[in-house]
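Accompanying notes for the structure given below.
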Amino acid sequence: MLKLYGFTVSNYFNMVKMALLEKDIDFEFVDTKPTQEGDYLAKSPMGKVPCLETSEGFISETDVIFDYLEDLGQGQALMPASAYEKAKVRELIKQLELYIELPARTCFAEAFFGGTVSEETKDKARVSLKKGVECIKRTGKFSPYIAGDTFTYADIMFMYSVSLAGACAKRVLGMDLLEDLPEAKALSELLASRASAQKVAADQKAG
Ligand SMILES: N[C@@H](CCC(=O)N[C@@H](CS)C(=O)NCC(=O)O)C(=O)O
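Those letters in the sequence shown? Residues 3 to 209, by this note's numbering.
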């Protein structure tokens, strides 16, 4: 059986968990915090979560795990069939990570962990996040899902990335991240109503 390493508050961990739940693939949860120590680095070379253990070895990086799960061919498809549509889903996943998740993360220390970040970092994050949202507005379809009429991995990335980035932007940057993207609010509600998302949220709350 697949083993999923991570912890219930990690948004990246929850992305892979939601994908496994959506596909109805059984997995064992291995409660793991990111670390730079011990044998975990042999499993996840950057010490990050999530990490997936398969019968052949370990896989890290969420988008790569998505591709692996899809290639297993089990459960409902979370990628379109056509090469072009697939590329558009991967484009959104990459844009969400590079231009929303990562700039927001520069301020996570202050938003969620009791630390402080410099005004320079905040100014940079504001500019980057604004550009990131404009990028997603151009690429996303929101009809009703982010890549079109079908639920895909890009929705999963959107759900767990934009929610946390939005909370961070509000707390630390005084910014309503989705002010210019009302479509995103409707999509967030639609995604949150899925059984998989509700299970992830319940486990997160319990954890
Ligand atoms: N690019 C990685 C990012 C994963 C990531 O940043 N996970 C966080 C937890 S939500 C983590 O492990 N942080 C610890 C660290 O950055 O060292 C992926 O796609 O899985």
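Glycine is no exception: its CB is placed at the ideal position from the N, C-alpha and C atoms.
Computed from a prediction, not measured in an experiment: that's the story for all the values here.
Three or more beta-carbon pairs drawn from the segment 159-166 and the segment 185-202 are found closer than 8 Å, and the two stretches are therefore classed as touching. Going down the chain, each residue whose beta-carbon is closer than 7 Å to a heavy atom of ligand 1 shows up: S12, N13, Y14, F15, P36, M48, G49, K50, V51, P52, S62, E63, T64, D65 and E99. The continuous stretches of alpha helix (DSSP H) do not include E55, which lies in the beta strand (DSSP E) extending over residues C53 to E55.
For Y86, the uninterrupted alpha helix (DSSP H) segment begins and ends at A85 to L98. Annotated as distal: T34 and Q206, with beta-carbon spacing of 8 Å or more. The beta carbon of T154 lies closer than 8 Å to those of L80, M81, P82, V91, Y147 and I148 in the same chain, with the five residues before and after it left out. Rounded to whole angstroms, the separation of the alpha carbons of E103 and V119 is 17 Å. I95 and Q200 have their C-alpha atoms roughly 22 Å apart. Per the Cβ contact rule, the segment 131-151 is in contact with the segment 96-115 (3 or more Cβ pairs under 8 Å).
Of all alpha-carbon atoms in Y42, G75, G116 and V174, the one lying nearest the alpha-carbon of E122 is that of V174. The Cβ neighbour count for G168, taken over all protein chains shown within 10 Å, is at least 16; the residue is labelled buried. Residue range Y42 to K45 is occupied by the alpha helix (DSSP H) that includes L43. Non-local beta-carbon contacts of P36 in its own chain, meaning distances under 6 Å to residues more than five positions away in sequence, involve G49, K50 and V51 in chain order. Per DSSP, the unbroken beta strand (DSSP E) holding I61 starts and ends at F60 to S62. Sequence-distant partners of K19 (beyond 5 residues in either direction) whose C-beta falls short of 6 Å from its own C-beta, in its chain, are V202.
In the assembly as shown, L22 is a buried residue. Its beta-carbon has 16 or more other beta-carbons within 10 Å. Contact check for T141 against E93 passes: the beta carbons are separated by less than 8 Å. In the structure shown, G176 adopts coil according to DSSP, grouped into three states.
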